[in-house]
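Asks: There's a structure below that I have some questions on.
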Amino acid sequence: MKYATLEDLGSATGSSPEVSLPEKLNKEGTTQLSSRNDAASEGSSFPMRNSPQMLSAPTKGGKRPKKVFIKPGHSQLDWMKLSSSGADLRGVKEPSLLTLDEVAKHNAKNDCWIVINNKVFNITHYMDFHPGGRAQLMRAAGKDGSALFYNTHAWVNVDAMLDKCLVGFLRPEQR
Numbered sequence: 028m029k030y031a032t033l034e035d036l037g038s039a040t041g042s043s044p045e046v047s048l049p050e051k052l053n054k055e056g057t058t059q060l061s062s063r064n065d066a067a068s069e070g071s072s073f074p075m076r077n078s079p080q081m082l083s084a085p086t087k088g089g090k091r092p093k094k095v096f097i098k099p100g101h102s103q104l105d106w107m108k109l110s111s112s113g114a115d116l117r118g119v120k121e122p123s124l125l126t127l128d129e130v131a132k133h134n135a136k137n138d139c140w141i142v143i144n145n146k147v148f149n150i151t152h153y154m155d156f157h158p159g160g161r162a163q164l165m166r167a168a169g170k171d172g173s174a175l176f177y178n179t180h181a182w183v184n185v186d187a188m189l190d191k192c193l194v195g196f197l198r199p200e201q202r
């Protein structure tokens, strides 16, 4: 943030200060200049109403899904920190070949596997970090969620985001 007094603005322009940006007075009585983006930090939330994320989101009867508020410490940046911390997010020693029947056994909130692009991910630890909330992830719990995933947010690189959650791959005959 850049702080300036009204006198600073007047001396810089050689005239009386006319501030077109929104301004706030801080404790010292100086003006805090803020960009138009400050409106986003004062009450509106991500994704914005007409953003690509909201426009591509599935609708029910023309209504957009309700926004889910994520608990503090559960942002995507926090997820990236957790996934790079070395914590065991897989729940298995090493990836293996799996059947859809094996994946279907893991369809609960405390034990949730999904298939995306023939890769099986244990998303149990990711559920609280998902911007759409747990309910959206549970739609694909224990199933192949590839179509749902790509219909909802095709721009997301699932391999980079969930690589530490990789449990295995679908057997070739299951693809």
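Residues 28 to 202 (the working numbering) are what the sequence shown spells out, left to right. Positions of the beta carbon are idealized from the N, C-alpha and C atoms, including for glycine.
Can you find at least 3 beta carbon pairs, one from the region 155 to 164 and one from the region 119 to 126, that sit closer than 8 Å?
Replies: Contact between the region 155 to 164 and the region 119 to 126 is absent, because fewer than three Cβ pairs lie under 8 Å.
Asks: Below 8 Å, can you find three or more Cβ-Cβ pairs linking the region 188 to 197 to the region 139 to 159?
Replies: yes
Asks: Between which residues of its own chain and phenylalanine 176 is the CB-CB distance below 6 Å, once the five residues before and five after are set aside?
Replies: For phenylalanine 176, same chain residues with a beta-carbon under 6 Å away, outside a window of 5 residues either side, are Ile143 in chain order.
Asks: From alanine 168 to alanine 131, what distance separates their C-alpha atoms?
Replies: Put simply, the backbone Cα of alanine 168 is about 8 Å away from that of alanine 131.
Asks: Would you say valine 185 and phenylalanine 148 are within 9 Å of each other, going by their C-beta atoms?
Replies: In contact: valine 185 and phenylalanine 148 (Cβ atoms closer than 9 Å).
Asks: Measure the C-alpha to C-alpha separation of lysine 146 and valine 95 and round it to an integer number of angstroms.
Replies: 27 Å
Asks: Buried or exposed: which applies to leucine 125, given that a residue is buried once 16 or more other Cβ atoms fall within 10 Å of its Cβ?
Replies: buried
Asks: Can you give me the Cβ contacts of arginine 198 inside the same chain, cut-off strictly under 8 Å, excluding the 5 residues immediately before and after it?
Replies: Leu124, Leu125 and Thr126
Asks: Which of the three DSSP states is assigned to aspartate 105 in this structure?
Replies: helix
Asks: Cα-Cα, which of Arg202, Leu164 and Asp115 is closest to lysine 136?
Replies: Leu164
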